[in-house]
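A quick write-up on the structure given underneath.
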Amino acid sequence: MSRSRGEHLFDLLNSLLLILLSLITLYPFLFVLIASLSDPKWAIQTRGLIWYPKGFTLEAYRLVFQNPSIITGYLNTLLYVTLGTLLNILMTSFGAYALSRQQVMWKNPVMFLIVFTMFFNGGLIPTYLLIEDLGMADTRWALIIPAAMSAYNLIIMRTSFMSVPSSLEESAKLDGANDFTVLFRVILPLSMPVVAVMILFYGVAHWNSWFSALIYLRTRDLYPLQLILREILITSSTETMTTGVGGSDKMLFGETIKYATIIVATGPILLLYPFLQKYFVKGVMIGAIKG
Amino acid sequence: MSTAIQRPSDSIKPAVDKSGFKYRLIRDAKINKYVYLMLLPVVVYYVVFYYVPLYGLQIAFKDYSPGLGILHSDWVGLKHFKDFFGSHYFSRILRNTLLISFYDLLFTFPASIVLALLLNELRSAMLKRTVQTITYMPHFISIVVVSGMLVDFLARDGLVNNLLHAWFGVQPITFLQESGWFRFVFISSNIWQNIGWGSIIYLSAMAGIDPSLYEASRVDGASRLRQTFHITLPGIMPTVVILLILQIGNFMSVGADKILLLYNPTTYETADVIGTFVYRKGILESNFSYSAAVGLFNSLINFTLLLSANALSRRTSEHKLW
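Now the structure itself:
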């Protein structure tokens with residue numbers, strides 16, 4: 085199949101355009117990474133694009149890891165991610181299993197009950213008052229229980245469960261298995277890709293969540309990393325940034341500490357991301373079939 | 002709904018009305034007892050965290066006081082709605098909400114479709130994979146970090162101003178302090194963060210198009226541009242329409258949490274939207290009834306838009322959400 089000159093030109097421009105887009109997407113992260121490793125004196129003076137660290141130093145990272153707020157924030161986030169995701173997977177599996185069985189009488193009404201909430205719900209204020217009334221405000225539970233599952237992810241998992249041949253369930257039932265055994269021994273082991281997608285979607289959502297923490301938490305010791313980040317990056321309190329560091333260092337490392345904090349906070353996701361990519365693409369596609 | 006289970010053994014037992022609702026109810030409960038046991042926490046969760054707040058929405062028509070609680074606070078009818086429609090904030094936040102949503106629909110939404118079409122035309126599989134990997138990535142970065150990077154890059158002495166000065170001699174612009182720039186910054190960073198992620202669903206729709214269509218059109222001598230407009234675009238149209246309906250159904254809920262991170266009193270003029278207003282009035286100032294009314298107004302518009310978009314699409318094309 086021969087291609088015309090116009091097509092060749094299009095192919096070239098198309099490739100260049102997409103490479104440019106990739107650079108624009110990637111460079112901000114690269115800039116942050118390079119600047120975080122650079123000597124702050126140089127980082128302040130420099131104007132424009134940088135491609136390699138100048139005056140390589142890990143001092144900013146040392147200061148970040150000395151900051152007690154960041155350490156507690158990190159640990160809190162790890163706790164919220166682990167507990168939250170575990171609960172998410174359990175609840176979503178239960179819901180997806182129950183709602184993917186063929187002969188369950190109340191399946192459709194329950195499905196409607198759930199899907200309706202995606203399009204109309206009480207909104208911020210009634211939910212906030214509920215959490216207050218339940219006594220969850222300013223406790224760790226406020227970040228875990230109200231986010232126990234998402235309707236969107238339930239639909240993805242349900243769609244995936246439906247594709248498991250029902251003959252497997254039937255033969256397990258003939259062998260005397262109950263629904264819990266079928267779910268944990270038959271359906272889930274056969275649905276590991278979608279479980280991986282769920283862990284990723286829920287895990288990232290917990291890792292990145294900040295608004296619930298902003299409205300429900302008052303005690304600093306409970307803050308997740310994102311709230312600490314907000315203080316450092318946006319409300320820019322240098323006190324948060326450099327607790328426990330002497331005077332001149334504070335000013336000097338102010339900027340590079342910001343950059344190091346970004347890297348520390350997004351590092352785990354950026355490192356895991358390439359390995360998990362194929363799973364979540366699959367997840368979006370499953371969701372697309374019955375979204 | 003006929004979900005009663007018919008098994009051969011049923012026909013042996015005599016004298017029970019098997020089509021009766023009560024009979025089916027009991028039978029279903031017996032057979033599916035573990036299924037319902039699993040469903041129980043799910044239903045409890047949705048009732049407590051979604052339907053109880055729905056019930057709590059009545060405070061929009063009451064003067065809620067924490068001492069009296071939702072049930073015993075006094076009814077005030079549409080007072081809070083009237084206050085809101087009459088306040089000088091009303092036109093500002095409604096305009097901002099509509100404009101930001103509209104720009105998002107106009108620019109962010111098609112951007113992903115265009116990217117998917119361009120990716121689909123790439124000849125090199127490796128380049129395609131690389132571009133995909135890179136452009137999906139920002140989706141996983143938290144809004145706090147993205148906003149933090151924007152604050153840093155767009156500062157007076159930040160990267161963007163330095164580059165603008167070095168390349169074009171532009172005087173420093175304080176982007177996030179000038180209301181004229183807010184929407185541009187908000188929308189363009191939305192595109193940056195979501196263009197790749199949004200394209201996945203279109204790429205998967207494209208993968209589902211029957212290859213014989215392309216072969217046939219090639220035999221007929223159709224160019225790639227013609228193929229794009231006559232095969233690829235119609236092929237992904239159902240997906241586009243569904244996503245468009247969903248987006249319209251969320252028209253009024255612009256990314257208020259990102260705005261919350263990026264705006265400040267100097268940019269309220271163009272940045273303050275219903276979502277951020279509800280947060281300030283409700284959470285910060287504890288004006289619960291008033292802000293619940295504003296929130297309800299927002300949800301009602303969203304829901305109406307969703308229903309209209311779906312109805313319109315039903316009437317004009319085959320594609321619909323339900």
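Sequence lines, in order, name chains A and B. Position 101, counted from 1, in the first sequence is what my numbering calls 185; the numbers after and before it change by one each time, with no gaps. Position 263, counted from 1, in the second sequence is what my numbering calls 264; the numbers after and before it change by one each time, with no gaps. A virtual CB, placed ideally from N, CA and C, is assigned to each residue, including glycine. All figures in this text were calculated on a predicted structure; none of them were measured in a lab.
With a threshold of 8 Å between beta carbons, Ile302/B makes no contact with chain A. Taking a C-beta distance under 8 Å as the contact criterion, Asn311/B and Leu322/B qualify as a contact pair. Not a single C-beta of chain B is nearer than 8 Å to the C-beta of Pro308/A. Under a 10 Å Cβ-count criterion, Asp263/A is classified as buried, with 16 or more other Cβ atoms of the shown protein chains found around its own Cβ. Interface annotation for the segment 205-233 of chain A against chain B: Asn205, Gly206, Gly207, Leu208, Ile209, Pro210, Thr211, Tyr212, Leu213, Leu214, Pro230, Ala232 and Met233, criterion Cβ-Cβ distance under 7 Å. Ile209/A is a Cβ neighbour of Gly296/B, given a cutoff of 8 Å. In this structure, Gly57/B and Gly206/A form a Cβ contact; the two beta carbons are roughly 6 Å apart against a cut-off of 8 Å.
Where Ala61/B is concerned, there is no enclosing alpha helix (DSSP H), because DSSP gives it neither an H nor an E.
In the displayed model, Asp263/A falls within a helix according to three-state DSSP.
The criterion of a C-beta distance shorter than 8 Å is satisfied by Ala117/B and Ser200/B. DSSP places Arg93/B inside the alpha helix (DSSP H), whose first and last residues are Tyr90 to Tyr104. Leaving aside the five residues that flank Gly236/B on each side, the residues in its chain whose CB is nearer than 6 Å to its CB run, in chain order, Ile210.
In summary, Asp158/B is exposed, with fewer than 16 beta-carbon neighbours lying within 10 Å of its beta-carbon over all protein chains present.
The C-beta of Val45/B has fewer than 16 other C-beta atoms within 10 Å across all chains shown, which makes the residue exposed.
Secondary-structure assignment with DSSP links Asp75/B through a beta bridge to Asp64/B.
Membership of Trp168/B in the alpha helix (DSSP H) is indicated by the continuous run Leu160 to Phe169. In this structure, the CA atom of Pro277/A is about 22 Å from the CA atom of Pro139/B. With a contact defined as Cβ atoms closer than 8 Å, Val186/B and Leu151/B qualify at about 7 Å. Setting aside the 5 residues that flank it on each side, Tyr363/A is surrounded in the same chain by Pro277, Ala280, Val281 and Leu284, each with a C-beta closer than 8 Å to its C-beta; the list follows chain order. Residue state for Leu213/A is assigned as helix, using DSSP reduced to three classes.
When C-beta distances to chain B are compared with 7 Å, the residues of the segment 171-191 of chain A below that value are Met175, Phe178, Gly179, Tyr181, Ala182, Arg185, Gln187, Val188 and Met189, in chain order. For Ala280/A, no chain B residue has a C-beta closer than 8 Å to its own C-beta; the minimum C-beta separation is roughly 15 Å. Your pair Leu204/B and Leu102/A does not check out as a contact, with CB atoms roughly 13 Å apart and the cut at 8 Å.
Between the segment 220-238 of chain B and the segment 254-268 of chain B there are fewer than three inter-stretch CB-CB distances shorter than 8 Å, so the stretches are not counted as touching.
The criterion of a C-beta distance shorter than 8 Å is satisfied by Ile134/A and Ile118/A. Residues of chain B whose Cβ lies closer than 7 Å to the Cβ of Glu91/A are, in chain order, Arg225.
DSSP, reduced to helix, strand and coil, places Ser247/A outside both helices and strands of the structure shown, so it counts as coil.
Distance from the CA atom of Ile155/A to the CA atom of Lys342/A, rounded to whole angstroms, is 15 Å. Lys125/A and Phe169/B have their C-alpha atoms roughly 26 Å apart.
Judged by DSSP in its simplified three-state form, Gln194/B adopts helix. Scanning Phe140/A, Val116/A and Leu298/A for the CA closest to the CA of Asp222/A turns up Leu298/A.
Contact between Thr98/B and Ser180/B fails: their C-beta atoms lie close to 15 Å from each other, not under 8 Å. Between Ser153/A and Thr340/A a beta carbon distance of about 17 Å is seen, past the 8 Å cut, so the two are scored as non-contacting. About 4 Å separates the beta carbon of Met241/A from that of Ala180/A, a gap short enough to meet the 8 Å contact definition.
Pro358/A and Leu247/B have their C-alpha atoms roughly 29 Å apart. Ranking Arg304/A, Ser255/A and Phe203/A by CA distance to the CA of Leu308/B puts Phe203/A first.
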